[in-house]
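A short write-up of the structure that comes next.
There are 2 protein chains.
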Amino acid sequence: MAEAAFSRVAILGTGLVGGSFALALRKHFPETRIVGWDRAQVLERAKSLAAIDEAAASPAAAVRDAELVYLALPVVRAIDLLPEIARHAAPQALVTDTAGTKVAIVRAAEAHLRPPVLFLGGHPVAGKELAGIEHAAAELFQGARYALVRREADGEDERVGRFVRLLGALGAEAVWCDAETHDWAMAIVSHLPQLIATALAGVVLDETDETGMPLSLAGPAVQEMTRLAASPYDTWRDICLTNTENIARSLDRMAQALEQLRRTLRSRDLEKEFAAGNELYRLLRQPR
Amino acid sequence: MAEAAFSRVAILGTGLVGGSFALALRKHFPETRIVGWDRAQVLERAKSLAAIDEAAASPAAAVRDAELVYLALPVVRAIDLLPEIARHAAPQALVTDTAGTKVAIVRAAEAHLRPPVLFLGGHPVAGKELAGIEHAAAELFQGARYALVRREADGEDERVGRFVRLLGALGAEAVWCDAETHDWAMAIVSHLPQLIATALAGVVLDETDETGMPLSLAGPAVQEMTRLAASPYDTWRDICLTNTENIARSLDRMAQALEQLRRTLRSRDLEKEFAAGNELYRLLRQPR
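Chains A and B supply the protein sequences, listed in that same order.
Here this note's numbering is used: the first residue of the first sequence is 78, the next is one more, and so on.
Here this note's numbering is used: the first residue of the second sequence is 78, the next is one more, and so on.
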């Protein structure tokens, strides 16, 4: 059991990600005092699962005296809370978030949070399609990459080192990048796959007729390729709002790739497309 | 242990699907004599795995005296073998196939196979992205739907009943449809997901630069959404050649759906798209 990196942690948003962070903290750092804030019903569930020690009545009450403030909310909601956090956070607090886009929240944090309070943008590249504390698990971060936004201004703040060690204890691998690179990269490897799953699900639903076809011939392929379609709208609304240009560009690239495939359906060039697909499959499964 | 439905079975193509059929027969009907035909190296592997009893030197030698001829090859290859099968099959043979498209092979079978030899178009909606006998498993058909093409001309041939009972013993559920409906439906729930995975893999590969981004931030979502990209070219070349129009249409529908999403990135209408995606997710997971 490692020594607790942060003695008091406030988790704002105790759904899938915040709840899993709470359960993982509980498992690896049982000494840590965890205060949660969310809707009353969610908080009650988090308490009954022993994910949190205290349910706070407001973000202000949650962050008071916390050494670590962990914002696990849809990104626009998280941004909206920054002024309140700025007013009530302890001077030595490290504030970090989990949102799927980083440019908007890093910019907002610069505008609202003043030293010595420190903001570190974060994004666990992990998750499940089903949201909510009922799907939270201490193992969510195990083996996952965890993007962290490096800013020159931070220098070598020891709180950042402590947080990275904490992530390591939870089984996550920190990957440093700047906010712009993060948002561009995630548009391709996360936001595009999500929107493809949503679009494909829409096509299959639209095409299904009163006979039940083609759904009644659905096999594992379409089930897998639409699993992400169960993802919650509120999270993705915020991601689409805060990464619109990168996402639009990735959708354009995808439309081009589909058009290219359409042109090669009866041509030898189709082999090149499959060769590229085979190669990416291998790359994604190489030992790191 | 059920009584063997067919005492002698010829499997032409002992890769993933043919090899799995052999292993499943072996498990559920150990009395059945199984003759295989494929490339020498594949046959050797099939024999060493005890999937087949005999390795035949030619399709003609394999089908001789077989009560059931199981064609598990890419569809154009299977069609090319029909004249040879017609010349050598036993009069009472049931010939069936496993190809992902049905119109072309049913038409070719009508042209080549003459009564009393009977052709039954089949397609197990199961599989893995990795081809070859080394990935074959007796459980491949367990819980899978197995499309069968009903033709009025067949009447109530008892061989068909025997084959359906065999499939049931292997854990598969027969779904009857006509060839045109099958190919239209599969273009949407199988061929489109495959080509989307291939296209997405191509986009991710193209976008990856010398820094390793965005691949180094790849998480479970993109890994899952490109798993099918490992599928073998030769199978899909034949599917694209024999279902071109349906596939082109499904690609068009997908392009429209992506364009629609692109337009709603900053609009409340995005919620409708996610609601449809959530609904399809539920439909695909309803108990049958």
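Note that beta-carbon positions come from the ideal geometry of N, C-alpha and C, so glycine has one too.
Burial state of residue i, where buried means 16 or more other Cβ atoms lie within 10 Å
{"i": "Thr-288/B", "result": "exposed"}
{"i": "Pro-168/B", "result": "exposed"}
{"i": "Leu-207/A", "result": "exposed"}
{"i": "Asp-315/B", "result": "buried"}
{"i": "Gly-296/B", "result": "buried"}
{"i": "Trp-253/B", "result": "exposed"}
{"i": "Ala-99/A", "result": "buried"}
{"i": "Gly-238/A", "result": "exposed"}
Same chain, Cβ closer than 8 angstroms to residue i, neighbours up to 5 away in sequence not counted
{"i": "Val-241/A", "result": "Leu-225, Ala-251"}
{"i": "Met-78/B", "result": "With a pLDDT of 47 at Met-78/B, under the threshold of 50, the modelled position of that residue is not reliable, and the figure given next carries that caveat. Closer than 8 angstroms at Cβ, skipping near neighbours: His-105, Phe-106, Pro-107."}
{"i": "Met-331/B", "result": "Leu-269, Ile-273"}
{"i": "Arg-191/B", "result": "Ala-163"}
{"i": "Arg-227/A", "result": "Trp-253, Cys-254, Asp-255"}
Beta carbon proximity, residue i to chain A, threshold 8 angstroms
{"i": "Phe-351/B", "result": "yes"}
{"i": "Gly-248/B", "result": "no"}
{"i": "Leu-217/B", "result": "no"}
{"i": "Trp-419/B", "result": "This structure does not reach residue 419/B, given that chain B is present from 78 up to 365, and the question cannot be answered."}
{"i": "Val-299/B", "result": "yes"}
{"i": "Leu-277/B", "result": "yes"}
{"i": "Gly-199/B", "result": "no"}
{"i": "Tyr-310/B", "result": "yes"}
{"i": "Asn-355/B", "result": "yes"}
{"i": "Gly-92/B", "result": "no"}
Spatial neighbours of residue i in its chain, beta-carbon cut-off 7 angstroms, leaving aside the 5 residues before and after
{"i": "Ile-156/A", "result": "Ala-181, Ile-182, Ala-185"}
{"i": "Lys-205/A", "result": "Leu-93, His-212"}
{"i": "Thr-109/B", "result": "Ala-81, Phe-83, Ser-84, Val-86, Leu-102"}
Contact with chain B by residue i, beta-carbon distance below 8 angstroms
{"i": "Leu-27/A", "result": "Residue 27/A lies beyond the residue range present for chain A, which begins at 78 and ends at 365; the question has no answer from this structure."}
{"i": "Arg-236/A", "result": "no"}
{"i": "Val-180/A", "result": "no"}
{"i": "Ser-293/A", "result": "yes"}
{"i": "Leu-360/A", "result": "yes"}
{"i": "Ala-224/A", "result": "yes"}
{"i": "Val-266/A", "result": "yes"}
{"i": "Thr-321/A", "result": "yes"}
{"i": "Thr-258/A", "result": "yes"}
Coarse secondary structure for residue i, derived from DSSP in three states
{"i": "Val-202/B", "result": "strand"}
{"i": "Ile-88/B", "result": "strand"}
{"i": "Gly-354/B", "result": "helix"}
{"i": "Glu-250/B", "result": "strand"}
{"i": "Glu-301/A", "result": "helix"}
{"i": "Arg-222/A", "result": "strand"}
{"i": "Val-172/A", "result": "strand"}
{"i": "Arg-343/A", "result": "coil"}
{"i": "Met-78/A", "result": "Note on Met-78/A: pLDDT 47, under 50, position unreliable in the model; the coordinate value appears next. Coil, per DSSP."}
{"i": "Arg-239/A", "result": "helix"}
{"i": "Arg-110/A", "result": "strand"}
{"i": "Glu-131/A", "result": "strand"}
{"i": "Val-194/B", "result": "coil"}
Residue i versus residue j: straight-line alpha-carbon distance, rounded
{"i": "Gly-96/B", "j": "Arg-304/A", "result": "29 angstroms"}
{"i": "Glu-284/B", "j": "Asp-255/B", "result": "42 angstroms"}
{"i": "Ala-214/A", "j": "Leu-126/A", "result": "11 angstroms"}
{"i": "Glu-216/A", "j": "Glu-356/B", "result": "28 angstroms"}
{"i": "Cys-317/B", "j": "Glu-350/A", "result": "13 angstroms"}
{"i": "Leu-302/B", "j": "Met-302/A", "result": "The question names Leu, but residue 302/B is Met in the sequence shown. Rounded to the nearest angstrom, the two C-alpha atoms are 6 angstroms apart."}
{"i": "Met-263/A", "j": "Pro-151/A", "result": "16 angstroms"}
{"i": "Ser-308/B", "j": "Leu-328/A", "result": "23 angstroms"}
{"i": "Gly-279/B", "j": "Glu-336/A", "result": "12 angstroms"}
{"i": "Val-146/B", "j": "Gln-271/B", "result": "28 angstroms"}
Closer than 7 angstroms: residue i CB and nearest the ligand ADP heavy atom
{"i": "Gly-199/A", "result": "The model on display carries no ligand, and the ligand ADP is accordingly not part of it."}
Cβ shell of residue i (< 6 angstroms), same chain only, five flanking positions each side left out
{"i": "Val-94/A", "result": "Ala-149, Thr-175"}
{"i": "Arg-122/B", "result": "Ile-210"}
{"i": "Val-112/A", "result": "Ala-87, Glu-131, Ala-133, Ala-139"}
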